[in-house]
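Comments concern the structure below.
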Amino acid sequence: MVTRRSGSGKSSLARLIIGLDSPTCGSIYFQGKIYTPKDGKAQIILVFQDALSSVNPYFSIEEILNEAFYGKKTTFELCQILEAVGLDGTYLKYKARQLSGGQLQRVCIARALLLKPKIIIFDESLSGLDPVTQIKMLRLLQKIKRRYELSFIMISHDPKICQAICNRVFLIKNGYLVEDNEFLKRACSTNCLTNL
Numbered sequence: 001m002v003t004r005r006s007g008s009g010k011s012s013l014a015r016l017i018i019g020l021d022s023p024t025c026g027s028i029y030f031q032g033k034i035y036t037p038k039d040g041k042a043q044i045i046l047v048f049q050d051a052l053s054s055v056n057p058y059f060s061i062e063e064i065l066n067e068a069f070y071g072k073k074t075t076f077e078l079c080q081i082l083e084a085v086g087l088d089g090t091y092l093k094y095k096a097r098q099l100s101g102g103q104l105q106r107v108c109i110a111r112a113l114l115l116k117p118k119i120i121i122f123d124e125s126l127s128g129l130d131p132v133t134q135i136k137m138l139r140l141l142q143k144i145k146r147r148y149e150l151s152f153i154m155i156s157h158d159p160k161i162c163q164a165i166c167n168r169v170f171l172i173k174n175g176y177l178v179e180d181n182e183f184l185k186r187a188c189s190t191n192c193l194t195n196l
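What follows is the structure in structure tokens.
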């Protein structure tokens with residue numbers, strides 16, 4: 001988890017990692033090599049905070065899931081990935097604007113999973129959801145993490161997310177990432193989230 005107050009550079013860091021922005025100096029390393037997402041298959045995917053802004057609201061869910069590919073996925077593949085995020089194949093025909101925020105966030109996660117990344121970055125992706133939906137999404141993410149053997153980078157200032165899903169916490173301090181395991185201990189000691 002990467003945390004700090006608003007304006008500290010958390011989202012900028014995510015944009016740098018996935019190649020939406022370019023660093024003024026230095027490089028991004030992934031698995032010991034300089035990582036350039038534009039050189040082929042993206043291994044790190046970003047799920048944005050506002051799901052509706054990250055999709056075309058007039059596209060069907062099928063179109064949204066397929067837009068990440070040059071070719072189309074089969075209906076069977078799309079139904080499988082929707083089931084992995086707790087939705088069924090009937091959602092394929094719905095338009096994005098017809099779904100709730102939580103349902104659309106699940107579609108965005110499904111789209112990320114279709115690309116078979118090694119890491120998914122969630123940039124405040126759960127913060128706009130109501131508390132009940134947030135807990136459901138955290139449970140879902142725990143299952144997805146195990147099933148697909150993924151790593152997550154959670155960008156958030158919410159200690160509930162830290163407690164529920166993270167095993168390491170980094171703060172952005174004066175432009176540097178600093179590991180802060182005490183944050184995790186403090187978040188767990190506040191008992192702000194019951195067992196998922």
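For the sequence shown, the UniProt record's numbering gives the first residue as 1, with consecutive numbering after it.
Where is the CB? At the ideal position from N, CA and C, for every residue including glycine.
Coarse secondary structure for residue i, derived from DSSP in three states
i: residue 61; result: helix
i: residue 149; result: coil
i: residue 47; result: strand
i: residue 94; result: coil
i: residue 24; result: coil
i: residue 42; result: coil
i: residue 197; result: Residue numbering for the chain in the displayed model covers 1 to 196; residue 197 lies beyond these limits and cannot be assessed.
i: residue 111; result: helix
i: residue 139; result: helix
i: residue 99; result: coil
i: residue 129; result: coil
i: residue 10; result: helix
i: residue 118; result: coil
i: residue 66; result: helix
i: residue 71; result: coil
Nearest neighbour of residue i, chosen from the options [CA to CA]
i: residue 84; options: 124, 47, 113 and 156; result: 113
i: residue 198; options: 163, 12, 57 and 13; result: One cannot answer for residue 198 here, as it falls past the ends of the chain, which runs 1 to 196.
i: residue 118; options: 45, 11 and 176; result: 45
i: residue 37; options: 70, 17 and 12; result: 17
i: residue 170; options: 154, 164 and 160; result: 154
i: residue 164; options: 140, 13, 29 and 180; result: 140
i: residue 88; options: 78, 142 and 137; result: 78
Residues sharing a beta bridge with residue i, DSSP
i: residue 173; result: 176
i: residue 30; result: 33
i: residue 123; result: 155
Contacting residues, own chain, Cβ-Cβ under 6 angstroms from residue i (five flanking each side not counted)
i: residue 61; result: 91, 92, 94 and 107
i: residue 43; result: 117 and 118
i: residue 178; result: 171
i: residue 151; result: 119
i: residue 199; result: Limits of the chain in this structure are 1 at one end and 196 at the other, which puts residue 199 out of reach.
Cβ-based neighbour list, residue i, same chain, cut-off 7 angstroms, excluding 5 preceding and 5 following
i: residue 54; result: 48 and 108
i: residue 14; result: 46, 121, 123 and 155
i: residue 27; result: 34
Cβ shell of residue i (< 8 angstroms), same chain only, five flanking positions each side left out
i: residue 68; result: 111, 114 and 115
Exercise. Take every Cβ of the region 129-148, pair it with every Cβ of the region 71-83, and state whether three or more of those distances are shorter than 8 angstroms.
Key: no
Quiz item: Can at least three beta-carbon pairs, one atom from the region 116-127 and one from the region 42-54, be found at a separation below 8 angstroms?
Solution: Yes, the region 116-127 touches the region 42-54.
Quiz item: Just checking, does the region 19-33 make contact with the region 96-105 on the three C-beta pairs under 8 angstroms criterion?
Solution: Verdict: no, contact absent.
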